[in-house]
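Going left to right, the sequence shown walks through residues 267 to 833 as my numbering numbers them. Okay, so here's the structure we're looking at.
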Amino acid sequence: MKRRRHKSPLGMSLFPFLAVLICTMGALIVLLVLVVEQARVYAAAPPAAQTAPAFESQRDVPAPPAPNPVQEQLEQQKREQEALREQLAKQRDEHLWRKGILETERQAKLNELAESRLELGHLEDHIRQLEQQWKQLKSEAQLLQNRQNDQLTDQRQRVQELEQQRRQLEQQLQQRQLELQNQPKSYAVLPYETINGTRRRPIYIECSGRGIVLQPEQIVLTAQDFQGPDSSGNPLDAALRTIREYWQETGVLEGSDPYPLLLVRPDGVGAYSQARESLGAWDDEFGYELVGDEKNLAYPESDPALAERVRQAVALAKERQQALARAMPKAYNSGAGGGGSVGAMKASPNGGFVPVNGGRDEVQAEAERMLAGQAGVPSVSPGGSAGAAGAANGNEYAALGAAGGTGGAAGAAGTGGAAGTGGAAGAGGAAGASGAGGPGGPNGAGSATPIANQRGSNWALLNHTVGATGWSRPVQILCLRDRLVVLQEKGGREPSRTVMTPNNLQSKMDEFAEHVRKHVEDWGSPPPNGYWKPMLFVQVGPGGESAFAELQSLLTNSGFEIRRAKQ
């Protein structure tokens, strides 16, 4: 687009001036004509009229000579011609001046006309550009309008689809809510975080009638999978090691080692015993939770890579145990099993399975004896050994030791038999030490009288209340001939404490229990509606056998569960 040239303004317009000038010239011409006519009249007048005034001064002025009429006429014509020439010269000058002015005006008008033409060209070009822009904008507006109409149509269709989806989702939600109302609740087992900030990730092991199930991978181990020794090479221990190594590689543990968490169903007593027997390397680092059949547990999502590695590790462990069973058939094939299968097993009071030569009900009989020992219901079995008629109050978990339950009572002795003291099962899930005296034999728990006979059950526990849930944690104890040492927990603030027992161990039990309680206080507050139930793992040093036996007897039903640590 060309730039518009600006018109140079004139100072004033000449058209009014020329009109006035012409009018003025016309008036002057009329006056000039009148003056000329008057001069002619004056020239034609008689001489007397012209000389009349002269008579008045004849006395002073001499008389002029007589005029010549012809000469005067010539002079008069001459003067008229000169006046006419002057008038024509003036008119000529005036016309020349007017010509110059008109020429100037004409040139100005021509310049103005050229500028106007140029400006008109610019305007026409600008108009054409504006028309093109208008057409383009109109086309874009039409396109935008069409697009908006299409979008509006799509949006309306989308709104209809969303509305239909909303109705469908509402129907699904209502249907899901109805299903959830009739669906049993699911529960999640969460690790407990202590006051010291310790948070260890659990490895979920569900003990049920199916066997030992590793969750959430759904890897099932049955009694047929444990054909070799319950050492670190058994399938369960191999699976746990694989899980721990995988979590360490992937950075899941965050600096703390995992621990096995046994989730025991009512029909999982045998599986629990087998799992305890197989957890030799995790003896003091495990936990358990009693779970009813009506509770549906929600586990984390399964890791396919971890599940595959665990299956490979379990398969390899099975092959090794089968090879051992084939190499030593007499050691691992006692009983009814044949062709590489294990014989009949029964639940041991100390946890795990032991081979027996009896029928298929020996495992159930052993579980019932543990149930009776926990519930305090004595029963007499043939041969004078401690037994039980069944679960107390229908509680199938009594064999595992329900938290907050009463201590085991002495079973009735048979003919010629001595009373055996039933060990209380703690919340940690392990059966307490027990012993049954043979005919005329000594008491299996020692000769000292339990302090609970005088102070009552659970006298050594801290903040114990009836009906609360007991939470077990291990406490390492060193038992020597003349002292008991409560060892410092790894990462704990409570130091190791020593109780000297040179002569009388019973007199030092209050001091020993106080040291254990201080050790427990370092764990922080227990979970809601619960209390800490220490599990004493006693390492027996040289000369400490008698002291350990006396310690077991004194702390019977005290609330402290005592187990001898493996050397």
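Note that beta-carbon positions come from the ideal geometry of N, C-alpha and C, so glycine has one too.
#1: Would you report the Cα separation of Val732 and Arg542, rounded to the nearest angstrom?
#2: Give the DSSP bridge partners of Gly736, in chain order.
#3: What three-state label does DSSP hand Gly477 in the structure shown?
#4: Can you tell me which residues form a DSSP beta bridge with Phe803?
#5: Helix, strand or coil for Arg783 per DSSP?
#6: Closest by CA to Tyr470, which one among Ile509, Gln441 and Arg476?
#7: What does the alpha-carbon distance come out to for the pair Val580 and Ala454?
#8: Could you tell me how far apart the beta carbons of Tyr538 and Cys473 are, in whole angstroms, since I believe they sit closer than 8 angstroms?
#9: Name the two residues that bound the continuous alpha helix (DSSP H) containing Glu811.
#10: Where does Glu472 fall in DSSP's three states?
#11: For the putative contact between Gln493 and Gln588, defined by C-beta atoms under 8 angstroms, what is the C-beta separation to the nearest angstrom?
#12: Tell me, to the nearest whole angstrom, how far the beta carbon of Gln449 is from that of Tyr565; I am working on the premise that it is less than 8 angstroms.
#13: Cβ of Val530 within 8 angstroms of Cβ of Tyr554?
#14: By how many angstroms is the C-alpha of Ile743 removed from the C-alpha of Ser452?
#15: Taking 8 angstroms as the threshold (C-beta atoms), are Ala714 and Leu572 in contact?
#16: Per DSSP, which residues does Ile288 bridge with? Please list them.
#17: Which term fits Ser824, buried or exposed, when burial requires 16 or more other beta carbons within 10 angstroms of its beta carbon?
#18: Mind checking Asp748: buried by the 16 CB within 10 Å criterion, or exposed?
#19: According to DSSP, is Asn562 helix, strand or coil?
#20: Which residues does DSSP pair with Leu487 in a beta bridge?
#21: Could you give the C-beta distance for Leu519 and Arg467, rounded to a whole number, given that I count them as a contact under 8 angstroms?
#22: Looking at the unbroken alpha helix (DSSP H) that takes in Thr508, where does it start and where does it end?
#23: Check Leu519 in the structure and name its three-state DSSP category.
#24: Alpha carbon to alpha carbon, how far is Gln343 from Val286? Give it in angstroms, no decimals.
#25: Could you give the DSSP three-state label for Leu556: helix, strand or coil?
#26: Hey, could you find the ends of the beta strand (DSSP E) Thr764 is sitting in?
#27: What three-state label does DSSP hand Pro834 in the structure shown?
#28: Relative to the C-alpha of Asp569, which residue among Pro532, Gln484, Pro792 and Val425 is closest?
#29: Kindly indicate which three-state DSSP category Val455 falls into: helix, strand or coil?
#30: Around the Cβ of Val370, are there at least 16 other Cβ atoms within 10 angstroms (buried) or fewer (exposed)?
#31: Run the CB neighbour count on Asn500, radius 10 Å, all protein chains shown included, and call it buried at 16 or more, exposed below.
#32: Closest to Leu727 by CA distance: which of Lys799, Pro793, Gly790 and Arg721 is it?
#33: Determine whether the beta carbon atoms of Asp503 and Leu545 lie at a separation below 8 angstroms.
#34: Could you check the C-alpha separation between Val302 and Ala355 for me, to the nearest Å?
#35: Got a sec, what are the start and stop residues for the beta strand (DSSP E) Arg749 sits in?
#36: If you drop the 5 nearest sequence neighbours on each side, which residues of the same chain put their C-beta closer than 7 angstroms to that of Ala583?
Reading from the atomic positions:
#1: 28 angstroms
#2: Tyr797
#3: strand
#4: Gln742 and Arg829
#5: helix
#6: Nearest of Ile509, Gln441 and Arg476 to Tyr470, Cα basis: Ile509.
#7: 26 angstroms
#8: 4 angstroms
#9: Glu811 to Leu820
#10: Of the three classes helix, strand and coil, the one that applies to Glu472 here is strand, per DSSP.
#11: 6 angstroms
#12: At roughly 17 angstroms, the Cβ-Cβ gap does not stay under 8 angstroms, so Gln449 and Tyr565 are not in contact.
#13: yes
#14: Taking the straight line joining both Cα atoms gives about 39 angstroms.
#15: No. Outside cutoff.
#16: Beta-bridge pairing links Ile288 to no other residue.
#17: By the 10 Å Cβ count, Ser824 comes out buried.
#18: Exposed, since its Cβ has fewer than 16 Cβ neighbours within 10 Å.
#19: Asn562 falls in the strand class under three-state DSSP.
#20: Answer by DSSP bridge pairing, in chain order: Ile478.
#21: Right, their Cβ atoms sit about 6 angstroms apart.
#22: Pro501 to Thr516
#23: coil
#24: 33 angstroms
#25: strand
#26: Boundaries of the beta strand (DSSP E) around Thr764: Arg763 to Met766.
#27: No answer is possible for residue 834: the residues shown for the chain start at 267 and end at 833.
#28: Gln484
#29: Coil at Val455, not helix or strand.
#30: In the sequence under discussion, the amino acid at residue 370 is Thr, which differs from the Val named in the question. Label assigned to Thr370: exposed.
#31: buried
#32: Lys799
#33: In this structure, Asp503 sits near Leu545, with a CB-CB distance shorter than 8 angstroms.
#34: 17 angstroms
#35: Arg749 to Val752
#36: Gly499, Asn500, Pro501 and Ala504
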